[in-house]
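These notes are about the structure you will find just below.
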């Protein structure tokens, strides 16, 4: 089997041929394959974040220096199982250097957003591909309230930092 044929089969893992092949494997190789596939999926979501941020940064007006980094802060999300912390689908800051800007809130007042309004704002204004990638990354590696997601465009690197 050629490399391209294998890639095409793995792109559709629910086809009968692939399912039959996977069922025939012992548990240990299946666990190894699942681990590698999970890592590859996480890297794929990271690359989507980089690509979408790069496209957004390229559209920004102005003659100043190009954005080198973008930062995302966290947001609380209400789910069926309670509250969870995820990445906000909106860029908190674009910076022309690798130095992190001050992302602290200038006020301590918290505003309650009615259920549904946050989802509506995300639906209306967020980049759907970027939003999905951020949600998937949060599912792979859940952030805490103090975390910041840093997207370094020249290196195509996505890292979680704590200011």
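Numbering (this note's numbering), first residue to last: 38 to 200.
All C-beta atoms, glycine included, are put in the ideal place defined by N, C-alpha and C.
{"Item": "So what does residue 124 bridge to, in DSSP terms?", "Value": "111"}
{"Item": "Are residue 31 and residue 109 touching if we call contact CB-CB under 8 Å?", "Value": "Since the first residue shown for the chain is 38 and the last is 200, residue 31 is missing from the structure and cannot be characterised."}
{"Item": "For residue 24, which residues does DSSP report across the bridge?", "Value": "Beyond the ends of the chain as shown, which are 38 and 200, falls residue 24; an answer cannot be given."}
{"Item": "Around the C-beta of residue 184, are 16 or more other C-beta atoms found within 10 angstroms, so that it is buried, or is it exposed?", "Value": "buried"}
{"Item": "Could you give the distance in angstroms between the alpha-carbon of residue 79 and the alpha-carbon of residue 193?", "Value": "14 Å"}
{"Item": "By the three-class DSSP mapping on this structure, what secondary structure does residue 129 have?", "Value": "coil"}
{"Item": "Out of 57, 186 and 133, which has the shortest C-alpha to C-alpha gap to residue 37?", "Value": "Nothing can be reported for residue 37, as the shown portion of the chain is limited to 38 through 200."}
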